Amino acid sequence: MKIFVTGGTGFVGRYVTGKLAKAGREILILSRSAPKAKEVVPWAQIVEGDPRKRGDWQQRVAECDAVINLAGSSIFTVWTDSARKSILDSRILSTRNLVDALSGAGQEKILINGSAVGYYGSRLDDELLDEDAPHGSEFMSEVCVKWEEEARKAVPAGVRVALCRFGIVLGRGGGALSMMLPAFRYLLGSSIGSGKQWMSWIHLDDLVAIFSLLLEDFSLSGPINCVAPNPVRNAEFARVLSRTLGRPILLPGVPSFALNMLLGEFADVVVKGQRVIPQKLMEKGFSFRFPTLSQALEDLAG
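In the working numbering, the protein residues as written are 1102 to 1403.
Here it is as structure tokens:
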């Protein structure tokens, strides 16, 4: 199987494509800088181009059996007007160009499109959210809704579209955990805000297994909650991480107002949350290698 990937040099993309390549998949990664990309992902063929712009790279999409779309500028920044535009446009334009490239491909293909549990918005209650839950009204909800709408436009062309709503992705060498570990190791870690907000998370190895399932199981499409079956509250996450590292929590929780002053609206991403469950995957009988946070953190940081 030949797979075309955007966002393949990022934290998630590097790991997923490396594992898929090791499993015998042929990987093509789109990058604006071929030499730099080749250093980061030596297991892949590099196709030079900008996913936000139409170009010759779109012809390579038709050669592939599947597309994994992870392109998008980082949300981990203060959400100025220009940052908001970049966050939204980078996802919409990249997806639009991929859908255009797939529209005349002819044979049945799959588009595995990134999204996030931010689709559901901030939920302060204990409601369990499956794939049928309504979307929220915040900025990230708007981004996810529009991103998914753009991807769905490939369906009339016969493309199977999977909308992967990621929780917090836990892995080595990047992502949220790489930002948490130094603080907890030096006894500076603690909970955030009230500590009661839910955190829906997933181990990178389980994410790879989900992608592999999507590539093979033609009955799976539409929104897929890519999260472990056991979300936790923020305070519990802090306790499990401190116990795993053998480092006590000495400091009080970081107050929400301080984060709001520092990060603006982006602070809502960390001081609020949502309790999301992988209903479709559980109905399929998907077996999580790391279903609990303690298992995941012991593997990654123990």
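Every residue gets a Cβ at the ideal spot worked out from N, C-alpha and C, and that includes glycine. Remember, it's a predicted structure, so these values are computed and weren't measured experimentally.
Spanning the alpha carbons of Q1298 and R1161 requires a straight line of approximately 43 angstroms. Counting along the chain, no alpha helix (DSSP H) covers S1175, and no H or E run does either.
Of E1228, A1184, R1261 and V1106, the smallest CA-CA separation from G1365 is found for A1184. For I1303, the secondary structure class from DSSP, reduced to helix, strand or coil, is strand. DSSP places V1372 within a helical segment (H, G or I) once states are collapsed to three. For V1341 and N1198, the gap between their C-alpha atoms comes out near 42 angstroms. Annotation for A1138: T1110, I1130, S1132 and I1147 place their beta carbon closer than 7 angstroms to its own, counting only its chain and skipping 5 residues before and after. The straight-line gap separating the alpha-carbon atoms of A1124 and L1314 is approximately 13 angstroms. Ranking L1230, N1331, K1247 and L1321 by CA distance to the CA of S1191 puts K1247 first. Cβ contact annotation for A1172 (same chain, cutoff 6 angstroms, sequence separation greater than five): T1107, G1108, P1152 and S1195, in chain order. Nearest C-alpha to K1381 among E1149, I1311 and V1270: I1311. In terms of Cβ geometry, S1223 and G1205 do not form a close pair [threshold 8 angstroms]. Take the alpha-carbon of Y1287 and the one of C1165: they are about 47 angstroms apart. In the structure shown, N1361 falls within a helical segment according to DSSP collapsed to helix, strand and coil. In the DSSP assignment, K1139 falls within the alpha helix (DSSP H) that extends over A1135 to V1141. Within the same chain, L1401 come within 7 angstroms of R1273 by CB-CB distance, once the 5 residues on both sides are set aside.
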